[in-house]
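Numbering of the sequence shown is given in this note's numbering, commencing with residue 16 and proceeding in unit increments. Taking it in order: structure first as structure tokens, then the write-up.
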Amino acid sequence: MPTSSRRPFAQLDVFADRPQLGNPLAVVLEADGLTAGDMQRVAWWTNLSETTFLLAPTDPGADYRVRIFTPTGELPFAGHPTLGSARAWLDAGGQPAGEQIVQECAAGLVQVRRDGEQLAFAAPPLLRSGPLDEDELQRITEALGLERAAVLDHAWADNGPGWRVIELGSAAQVLALVPDRVRLDGLKIGVLGPHPAPDGPLYEVRAFTAGGVEDPVTGSVNAGIAQWMVSRRPMPPRWTATQGTVLGRAGLVEITVEPSGTLWIGGATVATIRGTILV
Numbered sequence: 016m017p018t019s020s021r022r023p024f025a026q027l028d029v030f031a032d033r034p035q036l037g038n039p040l041a042v043v044l045e046a047d048g049l050t051a052g053d054m055q056r057v058a059w060w061t062n063l064s065e066t067t068f069l070l071a072p073t074d075p076g077a078d079y080r081v082r083i084f085t086p087t088g089e090l091p092f093a094g095h096p097t098l099g100s101a102r103a104w105l106d107a108g109g110q111p112a113g114e115q116i117v118q119e120c121a122a123g124l125v126q127v128r129r130d131g132e133q134l135a136f137a138a139p140p141l142l143r144s145g146p147l148d149e150d151e152l153q154r155i156t157e158a159l160g161l162e163r164a165a166v167l168d169h170a171w172a173d174n175g176p177g178w179r180v181i182e183l184g185s186a187a188q189v190l191a192l193v194p195d196r197v198r199l200d201g202l203k204i205g206v207l208g209p210h211p212a213p214d215g216p217l218y219e220v221r222a223f224t225a226g227g228v229e230d231p232v233t234g235s236v237n238a239g240i241a242q243w244m245v246s247r248r249p250m251p252p253r254w255t256a257t258q259g260t261v262l263g264r265a266g267l268v269e270i271t272v273e274p275s276g277t278l279w280i281g282g283a284t285v286a287t288i289r290g291t292i293l294v
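This is the structure we're talking about:
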């Protein structure tokens, strides 16, 4: 039987500036030598939406490498694990080689920049875009308890996890959704609707993942939504979105669009637990 070892461990709250109000993430640092089976076992045990494992990079342009696991499988990319992993790496003494942090993951290299205490990642390119087919859209609307006419627009916004997104007419409609988890099984759905106040967050987001489980605050779906939004209509250079309200969270996602077209998805991170984990 392999010998267990202790590894540095952190748990963080992402997309919130106070603990227990964002999306939690577990991070195992110095994870070199662990097998994929080891990582999956730990992710199943933490039972969080994602657990990450930081390793030495294999790409000379990266500062570190991350593997991202849900309780049931590995993801090529995810947003709140990217920000939380970068924060844990910095807190453990990590020093980027350049001006920005460069994270290596299965989806490629991801830039992460620091803006004071805030972190933001550069939205990776969409792997799939374009409208959903009507049969799939009907399945989604039925699972969410919506009439087809309530959907203003819809699209693939897949940057790795497989997101499909639909737009409703208001944040209130988004917050009122009572999804059928059984019907949502096998789909990853992001839903957005605009907030009425012109000087506050632009829209409310909800995200439903494997088995119809609602994710508190989701960087990847917000990245996909932002890319979809700027492809369809003029958008401000900077805006915010809220997520997690129904779950009692206070998630706030900041989106910045550079003149070059690069989208940065950012937010606050709070370290809640630091210690070691026996693996």
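All C-beta atoms, glycine included, are put in the ideal place defined by N, C-alpha and C. Everything numeric in this text was worked out from a predicted model, so none of it was measured.
Helix, strand or coil for residue i per DSSP?
| i | result |
| --- | --- |
| Val42 | strand |
| Leu192 | coil |
| Gln133 | strand |
| Arg21 | strand |
| Asp53 | helix |
| Gly94 | helix |
| Gly37 | coil |
| Asp106 | helix |
| Gly290 | strand |
| Gly276 | coil |
| Met16 | Unreliable positioning characterises Met16 in this predicted model, as indicated by a pLDDT of 45, which lies under 50. The coordinate reading is nonetheless provided below. Of the three classes helix, strand and coil, the one that applies to Met16 here is coil, per DSSP. |
| Thr87 | coil |
| Gly281 | strand |
| Gly8 | This structure cannot speak to residue 8, because the chain is shown only from 16 to 294. |
| Thr66 | strand |
| Thr61 | helix |
Measure how close the beta-carbons of residue i and residue j come, nearest whole angstrom, since I'm counting them as under 8 angstroms.
| i | j | result |
| --- | --- | --- |
| Arg196 | Gly226 | 6 angstroms |
| Thr291 | Pro23 | 6 angstroms |
| Ala238 | Ile280 | 5 angstroms |
| Leu98 | Gly234 | 6 angstroms |
| Arg264 | Gly48 | Arg264 to Gly48, Cβ: 35 angstroms. No contact. |
| Glu151 | Asp168 | Not confirmed; about 14 angstroms, so no contact. |
By Cβ distance below 6 angstroms, which residues in the same chain neighbour residue i in space, the five residues on each side in sequence not counted?
| i | result |
| --- | --- |
| Ile83 | Glu65, Thr67, Leu90, Ala93 and Pro96 |
| Asp74 | Glu119 |
| Val236 | Trp178, Gly205 and Ala222 |
| Arg143 | Trp171 and Asp173 |
| Arg253 | Thr271 |
| Thr61 | Ala41 |
Which same chain residues end up closer than 7 angstroms to residue i when comparing Cβ atoms and leaving out the 5 residues on each side of it in sequence?
| i | result |
| --- | --- |
| Ala186 | Gly208, Pro209, His210, Tyr218 and Glu219 |
| Ser20 | Val294 |
| Thr260 | Leu190 and Glu219 |
| Met16 | Because the pLDDT of Met16 is 45, which lies under 50, any placement of that residue in the model is unreliable, and the question is left without a value. |
| Ala158 | Pro194, Asp195, Arg198 and Leu199 |
| Asp32 | Ala283 and Val285 |
| Gln242 | Ala138, Leu141, Ala172 and Leu278 |
| Gly276 | none |
Which residues in the same chain as residue i place their Cβ atom closer than 8 angstroms to its Cβ, once the five residues preceding and following it in sequence are excluded?
| i | result |
| --- | --- |
| Gly160 | Leu192, Val193, Pro194 and Asp195 |
| Asp106 | Ala25, Ala286 and Arg289 |
| Asp130 | Gly281 |
| Val307 | Outside the shown range of the chain (16 to 294) lies residue 307, about which nothing can therefore be said. |
| Arg80 | Leu69, Leu70, Ala71, Pro72, Thr73, Asp74, Gln118, Glu119 and Cys120 |
| Asp53 | Val294 |
Do residue i and residue j have their CB atoms nearer than 8 angstroms?
| i | j | result |
| --- | --- | --- |
| Arg221 | Gln258 | yes |
| Leu141 | Ala121 | no |
| Leu134 | Arg163 | no |
| Phe30 | Val268 | yes |
| Val232 | Gly266 | yes |
| Leu63 | Ser100 | no |
| Leu124 | Gly76 | yes |
| Ile204 | Phe223 | yes |
| Ala112 | Asp78 | yes |
| Leu27 | Thr284 | yes |
| Ala170 | Pro146 | yes |
| Gln110 | Gln126 | no |
| Ala58 | Thr85 | yes |
| Leu278 | Glu229 | no |
For residue i and chain D, any beta-carbon pair shorter than 8 angstroms?
| i | result |
| --- | --- |
| Trp104 | Looking for chain D here will not work: only one protein chain is present. |
Hey, which unbroken runs of the beta strand (DSSP E) at 3 residues or more fall wholly within the region 141-190?
-> 168-171 and 179-182
Let me know the alpha helix (DSSP H) ranges lying completely inside the region 197-267, each 4 residues or longer, listed in chain order.
-> 234-247
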